[in-house]
Structure formats: structure tokens, C-alpha cells
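Enquirer:
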Amino acid sequence: MASINKRAQQIRAEIISNRKVGAYHHIIITVGELAAQVRPGNFVAIAVGGEDTRMVLRRAFAIYKASIDSLDGGIIELIVAPHGSGSTWLTSAPIHTTLDIILPLGTSFGIPVEPVRALLVGGGYGSAPLFGLADLLKSRKCLVDMVLGASTASKIFAPHDGKRSLNSLTLTTDDGSLGIQGMVSEVLPEIIAKNNIEIIYSCGPMAMLEAITKVASLHGLQHQCAVEESMACGIGVCMTCVIPVRGEDGIVRMLRSCIDGPVMEGADVLWNPGNTVPSEVWGAM
């Protein structure tokens, strides 16, 4: 089992931009030199609430991009959907709000040592980390194709500037309001065959990741995915984000998504165990 990301630090950071983009909010936060330590797939854990509304648990958010410039110094960018009380508080926070955050957390996507043809697959705002990954892969001379899906057009996150690193972009929606009607997994076989895909990366809901894993297995492809599991602490203490994962020794263990993930090999995850511990997990009764 892994330990907390060695580059992680707890700091006070300032929101310098918070604007609504479609169904989501694009939030920019100054983090100083820590921006240089962020890798695609890493996330942050943020204490949410003001002095009179402080909530007990931090909220985990995937990092969209990290960069360093002469004007703002080191910054990270988040794409946040205002679902619950914590994310709603963050998306409502005004500019210059000071945050208590820990970053960078979790594992990152593995980058091939040689140029490959990569397929990136995202669902909803879960696709956000894939754009920084696309930039990195392109800088390593990889050809990058992307598939993005959501329930409806307004929930597709596909920034115009993010498309510069892509060889092709395919969009799907459940209701057919944008792109191809259907799920992302349904269009993958054709794209894999047409573009000679060699590796798949994905971010999004667990059911989508499971479906992509099945497609990758059928085509004999490696599939790295950022699992989407609820995290109460983000630093490996509370054990609320555990999922069953088969190790290199063949033994299935309950691993923490925040420490041993979020990026994992899709083929190693025992998908959809429900609310029970699978019988093959080490130590299960």
C-alpha cells in the first residue's frame, strides 16, 4: 500500500478567478512553487466553508491544469460542479477568498517512454484532467485522440484551447443533443481500430470506467483510469474511499483511492462490488 504523495503540502492559497463556464465553474487558485509539482491525475483536498459555516470534511477536486507564469506565479485550475454543500460553497466563493488546501495528492497518469497513439476518454467535468495530460503527451510526440461524453450537451466540458493538442475529438451524449447519441464506450471500438490506438486513459464515473475497461480488455490495450470514489479526507486516514484491487501478486486488497489512486490500472480493479466486500479480498470472511 502506498503512502501520501511525498510532494504534498498543506498551504493557504487564494482564489484569483472564479467564473461560470456552462454547467460548471472554472476556478483559478495561486499555489506558488507547488504548481511545478503537479502531474496530470493529481488532485487537491480543500477545507470548505467560512468561519461560521466550516464543514468537518475536506472536499477533493481533480486538478484541471497547473502552470507558472510571471504575472500570477504558480497556479492551479479546477473545474467544479456545484452539487453538494461543499462544492456549492467553493463555486460561490468570491475572488481573494483564502483557502486551506493540501496538494498535490494522489497518483498521476503514467507517461510512455516512447511516442504512442493514445486515446483519452472523459465523462462530464471528469474530463478536465485529460486536457493537461493531452498537452503532456503531445510534448512527448504522442498522437492523441479524445472521446468526451455526458448526459446532455450542457454537461460536456471541451474548452477550445484544450483541442490544440488533439488529433481528433469525438463527442457523445445520452440524449443526442450533441455529437453521437449513446455512451462513450459504444464508439471506442471503431476509433481504436481506425486510429491504431495503443493505450487508453480515462476519467469519469465508475460505471463508465468499468465499460471502458471491458473494451480495452477485448482489444488487448492498457487502460489507466482515474477512479471516482467519494473521499472524506483525501490523505489516506479515514478509509472511506477503498475499492477492491488485484495486486501484482494476484491478491485482491481494499486499497485507498486517495493514496493508491486515483490513477489505477483498469484491469486490476474489481468493478461494481456493491456495498459488500468481495469474497476474494484478502482477509474477507
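Sequential numbering of the sequence shown, starting at 96, is according to the working numbering. Positions of the beta carbon are idealized from the N, C-alpha and C atoms, including for glycine.
#1: Would you say the stretch 202 to 211 touches the stretch 118 to 127, given that touching needs at least three Cβ pairs under 8 Å?
#2: With C-beta atoms as the reference, is residue 156 less than 9 Å away from residue 175?
#3: Assuming residue 227 is part of the alpha helix (DSSP H), what are its boundary residues?
#4: Do residue 226 and residue 117 have their C-beta atoms within less than 9 Å of each other?
#5: Based on the DSSP output, what are the partners of residue 113 in its beta bridges?
#6: In the DSSP assignment, find the unbroken alpha helix (DSSP H) run with residue 180 in it and report its ends.
#7: Suppose the cutoff is 8 Å on Cβ atoms and the five residues either side in sequence are ignored; what does the same chain contact list for residue 190 look like?
#8: Nearest to residue 138 by alpha carbon, out of 166, 152, 100?
#9: Report the start-end ranges of each beta strand (DSSP E) in the stretch 206 to 286 that is 3 residues or longer and not cut off at the edges.
#10: For residue 69 and residue 179, I'd like the C-alpha separation in whole angstroms.
#11: So the alpha helix (DSSP H) residue 307 belongs to, where does it begin and stop?
#12: Touching or not, the stretch 232 to 244 and the stretch 184 to 198, by the rule of three or more beta carbon pairs under 8 Å?
#13: Could you pull out every unbroken beta strand (DSSP E) segment of at least 3 residues lying fully inside the stretch 136 to 164, listed in chain order?
#14: For the putative contact between residue 381 and residue 161, defined by C-beta atoms under 8 Å, what is the C-beta separation to the nearest angstrom?
#15: Using a Cβ-Cβ cut-off of 9 Å, state whether residue 211 counts as contacting chain C.
#16: Would you mind giving the Cβ-Cβ distance between residue 279 and residue 242, rounded to the nearest angstrom? I have them listed as a contact below 8 Å.
#17: Which residues in the same chain have their Cβ closer than 6 Å to the Cβ of residue 276, if we skip the five residues on either side of it in sequence?
#18: For the ligand ADP, I want to know if residue 159 counts as a neighbour, meaning its beta carbon is within less than 8 Å of at least one of the ligand's heavy atoms.
#19: Secondary structure at residue 360, three-state DSSP: helix, strand or coil?
#20: Note the first and the last residue of the continuous beta strand (DSSP E) segment covering residue 198.
#21: Of all the options 300, 274, 316, which has the alpha carbon lying nearest to the alpha carbon of residue 284?
#22: Any contact between the stretch 310 to 324 and the stretch 291 to 302? By contact I mean 3 or more CB pairs, one from each, below 8 Å.
#23: May I have the straight-line CA-CA distance separating residue 365 from residue 377, to the nearest angstrom?
#24: Out of 271, 340, 127, 199, point me to the one whose CA is closest to residue 167's CA.
#25: Return the first residue and the last residue of the beta strand (DSSP E) that residue 348 is part of.
#26: In whole angstroms, what is the alpha-carbon distance linking residue 98 and residue 374?
Expert: In this structure, then:
#1: no
#2: Closer than 9 Å, so yes.
#3: Counting along the chain, the alpha helix (DSSP H) containing residue 227 begins and ends at 223 to 234.
#4: Contact flag unset, no.
#5: 122
#6: Here the alpha helix (DSSP H) through residue 180 covers 180 to 187.
#7: 110, 111, 112, 113
#8: 100
#9: As far as the stretch 206 to 286 is concerned, its whole beta strand (DSSP E) runs of at least 3 residues are 212 to 218, 238 to 245, 263 to 268.
#10: Residue 69 falls outside the range modelled here, since the chain spans only 96 to 380, and no answer is possible.
#11: 301 to 313
#12: no
#13: 138 to 141, 154 to 164
#14: The requested residue 381 does not occur in the structure, where the chain is confined to residues 96 to 380.
#15: This model lacks chain C altogether; it includes just one protein chain.
#16: 5 Å
#17: none
#18: By its list of ligands, the structure shown contains no ligand whatsoever, and the ligand ADP lies outside what it can speak to.
#19: strand
#20: 193 to 200
#21: 316
#22: yes
#23: 13 Å
#24: 127
#25: 347 to 351
#26: A direct Cα-Cα distance of roughly 26 Å separates residue 98 from residue 374.
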